[in-house]
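Chemist:
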Amino acid sequence: MARKPLIAGNWKMNNTIGEAVVLAQEISNEFYNDWSDHVDCVVCPPFVDLKPVKTVFEFDRTKIGLGAQNVYWEPSGAFTGETSVPMLKEIGCSWCIVGHSERRILFGETNEDVNLKVKALLEGGIAPIVCVGESLAVRDAGNYLEFVTAQVRAALAGIDEGAAKECVIAYEPIWAIGTGRTATPEQAEEVCAAIRATLNDMFGADNADPIRILYGGSMNEGNAALLLAEADIDGGLIGGASLNAKSFMAIVKDAMR
Ligand code: PGA
Numbered sequence: 344m345a346r347k348p349l350i351a352g353n354w355k356m357n358n359t360i361g362e363a364v365v366l367a368q369e370i371s372n373e374f375y376n377d378w379s380d381h382v383d384c385v386v387c388p389p390f391v392d393l394k395p396v397k398t399v400f401e402f403d404r405t406k407i408g409l410g411a412q413n414v415y416w417e418p419s420g421a422f423t424g425e426t427s428v429p430m431l432k433e434i435g436c437s438w439c440i441v442g443h444s445e446r447r448i449l450f451g452e453t454n455e456d457v458n459l460k461v462k463a464l465l466e467g468g469i470a471p472i473v474c475v476g477e478s479l480a481v482r483d484a485g486n487y488l489e490f491v492t493a494q495v496r497a498a499l500a501g502i503d504e505g506a507a508k509e510c511v512i513a514y515e516p517i518w519a520i521g522t523g524r525t526a527t528p529e530q531a532e533e534v535c536a537a538i539r540a541t542l543n544d545m546f547g548a549d550n551a552d553p554i555r556i557l558y559g560g561s562m563n564e565g566n567a568a569l570l571l572a573e574a575d576i577d578g579g580l581i582g583g584a585s586l587n588a589k590s591f592m593a594i595v596k597d598a599m600r
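Residues in the sequence shown are numbered consecutively from 344, following the numbering used here.
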């Protein structure tokens, strides 16, 4: 089955509300709604920017999706500083990044946490964008395929076959994130193909087929087309280049080719 490409912008901890509204408006101005037949375009701003960005998109009636960058798995309660699935849902998030390497490394997020978040999101009807990827040390040691596919298995453990198709996997080698050193299309494809094989094994080929696998890590308008041409790369998770509307939209256009 041909999967519809997905391009998601991960703004990380960038843009105050005022800046976010400007960028959302610029992105909306560049996007034509009939593109949404061919590509899913999503932006993932910081929590405080979600509602203002949603308001811009609603006003413009644009078909750009909204995603969060993190979530907590409990629906409510004494969890100071956390944000729940129902809260994201009410704002209008259809997507949520989980298990980004920055959260794993800087905030101690474990595979078990990621799994709980994925389950809570699926239950609440929000599509998880599950990030996996190896460090440079793991790549140099040579066991990166085992490492990444184990992350996939852990993140999606115990998930119903039918619900699995809502998940998106983002392969983001840590050594390529924000470094300007992107994986070559061959390097990215090797790992994405191994992820595809793992998903087939876990859920059966028919259930796994709709699951999209993204590449992320210094993807930009100069290298996106070649990465997106690979058989098992169905889109991109874009950090730095998503902070500029023209660069981000150039990648969205590449995904439609
Ligand atoms: P980058 O970030 O595009 O700036 O490398 C990607 C990501 O971390 O999602």
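Glycine is no exception: its CB is placed at the ideal position from the N, C-alpha and C atoms.
Predicted, not measured: the structure shown is a model, and the values here were computed from it.
Pick helix, strand or coil for residue 385, following the three-state DSSP scheme.
Modeler: In the three-state DSSP reduction, residue 385 falls in the strand class (E or B).
Chemist: Entirely within the segment 415-494 and at least 3 residues each: give me those beta strand (DSSP E) ranges in chain order.
Modeler: Considered as a whole, the segment 415-494 harbours 438-441, 470-475 as its complete beta strand (DSSP E) runs of no fewer than 3 residues, in chain order.
Chemist: I'd like to know if the segment 543-556 and the segment 504-517 are in contact, where contact means that at least 3 CB-CB pairs between them fall below 8 angstroms.
Modeler: yes
Chemist: Please report the distance separating the alpha-carbon of residue 364 from that of residue 584.
Modeler: 17 angstroms
Chemist: Under a Cβ-count criterion, where at least 16 other Cβ atoms within 10 Å of its own Cβ denotes burial, should residue 563 be classed as buried or exposed?
Modeler: buried
Chemist: Expressed to the nearest angstrom, what Euclidean distance is found between the alpha-carbon atoms of residue 473 and residue 495?
Modeler: 8 angstroms
Chemist: Enumerate in chain order the residues of its own chain whose CB-to-CB distance from residue 392 is below 7 angstroms, with the five nearest sequence positions on each side excluded.
Modeler: Correct list, in chain order: 358, 360, 363.
Chemist: Determine which residues share a DSSP beta bridge with residue 631 and list them.
Modeler: One cannot answer for residue 631 here, as it falls past the ends of the chain, which runs 344 to 600.
Chemist: How should residue 356 be labelled, buried or exposed, when 16 other C-beta atoms within 10 angstroms of its C-beta is the threshold for buried?
Modeler: exposed
Chemist: Given 7 angstroms as the limit, tell me if residue 353 has its C-beta closer than that to any heavy atom belonging to ligand 1.
Modeler: In this structure, ligand 1 has a non-hydrogen atom nearer than 7 angstroms to the beta-carbon of residue 353.
Chemist: Is the CB-CB distance between residue 434 and residue 406 below 8 angstroms?
Modeler: no
Chemist: Assign residue 350 to one of three DSSP states: helix, strand, or coil.
Modeler: strand
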